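Student: Before I ask anything, here is the structure I am working with.
Residue numbers (my numbering): 267 to 1144.
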């Protein structure tokens, strides 16, 4: 809608007037005579882009209770943002901005997961140095993130390929080495024949294929570096039940499945053999109390110890030349390769204790292994005491003694590639493996401009780098040429963000105690096992050294869904086609044909990918619709945790809403500049009451969806509801109503975290209008929108005390906010128990615990946890 000529002239005169506030951030673009076109959006975003960042950090470290650490999983610098990036970083930026506007000292950092195979392979293909390829990609993606309007603290920026970062990754390795948790051994490992490197078990799928290249993984016998994650297996398993974890849901199930039930103990046995370089082997048993009575060890044909000669018996069992030594009584136990033992799932070894296991006794009898019955443990107390004693003795001997599952393996970190963190070890003929002194860190990668993948580390060919002197004896030595798995780099990056310029240590302990754990961690479900498992392990380890205040690194998870594109695939060949090569017959039924061949084509929603021709370039979205519109589109319609089907049919709702907001501020300026007559008192009062109620209702709802449920799509819907209320008001209310002024201010402030450029321009228009009615500190007229106080519900507005049983809502009780905010747990329980719905539900149940949660200005919840779940009604939606 175009404004009348007279109004345009008024706007033009007003736009030329000096703003009462000299700050540039309140001046705006002065485009209030224009429709909200894509060109106007571009001008708005260009004007505000450099003004909506974050202020420099406070010089003093903020108090723990005021901090909020929102962390998004840092990206691999592939070269360009995709819509998945847009989604995760829009979510994190929205929450960071919301928390800042609520007075929190927010940490919202960004960095680059910059080492790894993709960069190395791309550099090989293009005959470039990986460092140059990576740096160019980082520069481009950084510019795109700034265009997206993300309020990252760029002074905290890091890249894992920077020597000043990986110096401390190497220091972490040495901490693990000093604690006996980093070790080297010969192992039968997973070999990726395409990427020419070793993979950890976690990086091989259930079909035996590489997680990255998709190649069929082979087995190879190599000497490799491992991290003894199994030492912390029980802690990591039990930590998943820590009350600090929030919204982990099915991630807990995935992690528990990966770790496995920790119902046994790992013990390390020395291997005595002239035909094996493996000096120590780890075996698991479910009866650690009987470990001293072990008589033999059996392994499968896939075990590394089976790759040697032995004597085969008539039943096919092979008795190996090697023997292993029981660490407790020094007895030498024979080793067998056999199919006659029923090995635990996903295990390849078995400690034979005939006195405590029928199949072990049968095997011992069949192979004439002498054994005698053991003295039975008479009580559970005696059993537990003996287990604890044996585990303690094993730990003192550095021979294991840690509870773990049968299937869990230590973390294999060796990679036979160039572009990774060098392992800070030198190999000396006299001293063996020797750690590089910390004052000599970082061990920097040599600059290589030409690379090739030959099945060995390219570093082996750099003689001037490999050949060095031993730190202990100064004799000739060679550097370790394997580099670390990139998951080591990403296992602790969130801690370096706290102190990125620290040149003396990984991070300052005092800062870590004040600013960790991370309050909200946002990322994809594809990292639910690998990355989260390793990051939790490192956090547990650093906590054991007294460097972190908590074992668990991340309080709350927001696992965002994927952005899906519509794909078209030829039924007969599986070939993906671009949309312009397809004739759609019936979109709803998924019927289409190839324009060229007429072959039937299936239509489906799949993860966006160039190879599937279903991706959307974010920069095209920015150009066509604007950055803030793109942000709103990615947040609207579906919850952040759900997959988002990217469909232009959903765009009009957001586009029309933005236009209506723009017109609302245009009308506000027009009516305040040329005031119409005031309406009749009763009609005016009814309008004021309606706007008062609307502002409170929608402010409460939006705030709940920002901080409690984090359902951004619902927050968008509620803000649209507030816009509807504002648009109903007649011109006189625009001009003369204090409640309209309050409601419009709240509307713009509520929008600001999601659309900071657009909201900043709306606020500039709002504050430029004359005849201000609200002179309280509720509206800071001389400050930009992102520095406003978050809107609150009024003290006389009625909120709910939500009464739940086992998390399900039974009833609500209304209170004015001034009363509900002061309600303590005892009174809340009394009120809830007086409600018939709660009383009848609890009548036949035992209450185990009562949790009382206050969300000031929103609602409060009293939740009765019982021994029996009640019939489900509905989960709370405040």
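Ideal Cβ placement from N, Cα and C applies to all residues, glycine included. What you are looking at is a predicted structure, and each value in this text was computed from that prediction instead of being measured.
#1: To the nearest angstrom, how far is the alpha carbon of residue 557 from that of residue 577?
#2: Specify, as a first and last residue, the run of the alpha helix (DSSP H) that residue 639 falls within.
#3: Between residue 403 and the rest of its own chain, which residues show a CB-CB distance below 7 Å, the 5 nearest in sequence each way excluded?
#4: Helix, strand or coil for residue 765 per DSSP?
#5: Have a look at 951, 1041 and 456 and flag the residue whose alpha-carbon is nearest the alpha-carbon of residue 476.
#6: Provide the residue(s) that pair with residue 601 in DSSP beta bridges, ordered along the chain.
#7: Looking at the unbroken beta strand (DSSP E) that takes in residue 333, where does it start and where does it end?
#8: Name the one or two DSSP bridge partners that residue 832 has.
#9: In the structure shown, what three-state DSSP assignment does residue 1145 receive?
#10: Classify residue 489 as buried or exposed, calling it buried when 16 or more other Cβ atoms lie within 10 Å of its own Cβ.
#11: Assign residue 1022 to one of three DSSP states: helix, strand, or coil.
#12: Taking the C-alpha atoms as reference points, what is the distance between residue 987 and residue 707?
#13: What is the DSSP secondary structure of residue 866, reduced to helix, strand or coil?
#14: From the DSSP output, which residues share a beta bridge with residue 820?
#15: From the DSSP output, read off the bridge partner residues of residue 457.
#16: In chain order, which alpha helix (DSSP H) runs of at least 4 residues are fully inside the stretch 347 to 428?
#17: In whole angstroms, what separates the C-alpha of residue 517 from that of residue 340?
#18: State yes or no: is the C-beta of residue 554 within less than 8 Å of the C-beta of residue 582?
#19: Which one or two residues does DSSP pair with residue 694 in a beta bridge?
#20: From residue 573 to residue 805, what distance separates their C-alpha atoms?
#21: Starting from residue 1099 and walking both ways along the alpha helix (DSSP H), at which residues does that stretch end?
#22: Output the distance between the C-alpha atoms of residue 1043 and residue 428, rounded to the nearest integer angstrom.
#23: Determine the contact status of residue 784 and residue 820, defining contact as a CB-CB distance below 8 Å.
#24: Quick check: what's the CA-CA separation for residue 889 versus residue 808?
#25: What are the partner residues of residue 220, as DSSP defines its beta bridges?
#26: Starting from the C-beta of residue 931, find all residues in its chain whose C-beta is less than 7 Å away, skip the five residues before and the five after it, and write them out in chain order.
#27: Tell me whether residue 684 sits in a helix, a strand or coil according to DSSP, three-state version.
#28: By a C-beta neighbour count over all protein chains shown, 10 Å radius and 16 as the cutoff for buried, is residue 1046 buried or exposed?
#29: Beta strand (DSSP E) containing residue 860: first to last residue?
#30: Roughly how many angstroms lie between the CA atoms of residue 893 and residue 306, to the nearest whole one?
#31: Kindly list the residues whose CB is nearer than 7 Å to the CB of residue 393, restricted to its own chain and excluding five residues on each side of it in sequence; keep chain order.
#32: Go through its chain and collect everything with a Cβ distance to residue 766's Cβ below 6 Å, but skip five positions before and after it.
#33: For residue 1006, does the count of other Cβ atoms within 10 angstroms reach 16, so buried, or fall short, so exposed?
#34: Looking only at C-alpha atoms, which of 381, 788, 966 and 764 sits nearest to residue 351?
#35: Using beta-carbon positions only, say whether residue 927 and residue 989 come within less than 8 Å of one another.
#36: Check the DSSP bridge columns for residue 302 and list the partner residues they point to.
Tutor: Let me spell this out:
#1: 26 Å
#2: It is not in any alpha helix (DSSP H) - residue 639 carries neither H nor E in the DSSP assignment.
#3: 343, 344 and 345
#4: coil
#5: Ranking 951, 1041 and 456 by Cα distance to residue 476 puts 456 first.
#6: 563
#7: 333 to 338
#8: 871
#9: Examination of residue 1145 is not possible in this model, given that the chain is present from 267 through 1144 alone.
#10: exposed
#11: Residue 1022: helix per DSSP, three-state reduction.
#12: Spanning the two alpha carbons is a distance of roughly 58 Å.
#13: strand
#14: 784
#15: Answer is 464 and 484, bridged to residue 457.
#16: 349 to 367, 383 to 392 and 396 to 413
#17: One C-alpha to the other measures close to 19 Å.
#18: Judged by beta-carbon spacing, residue 582 lies beyond the 8 Å limit of residue 554, meaning their Cβ atoms are not closer than that value.
#19: 698 and 743
#20: Using only the alpha carbons, I get a separation of about 37 Å.
#21: 1091 to 1099
#22: Residue 1043 and residue 428: Cα-Cα distance of roughly 47 Å.
#23: yes
#24: 46 Å
#25: Not covered by the structure: residue 220. The range shown for the chain is 267 to 1144.
#26: 1028, 1031 and 1032
#27: Residue 684 falls in the coil class under three-state DSSP.
#28: Within a 10 Å sphere around the beta-carbon of residue 1046 sit fewer than 16 other beta-carbons, which makes this residue exposed.
#29: According to the DSSP assignment, residue 860 belongs to the beta strand (DSSP E) that extends over 857 to 860.
#30: Rounded to the nearest angstrom, the two C-alpha atoms are 12 Å apart.
#31: Cβ neighbours of residue 393 within its own chain (closer than 7 Å, five residues either side excluded): 716.
#32: 422 and 424
#33: buried
#34: 788
#35: Result yes, Cβ atoms of residue 927 and residue 989 sit closer than 8 Å.
#36: The partner list for residue 302 (beta bridge, DSSP) is empty, contrary to what the question assumes.
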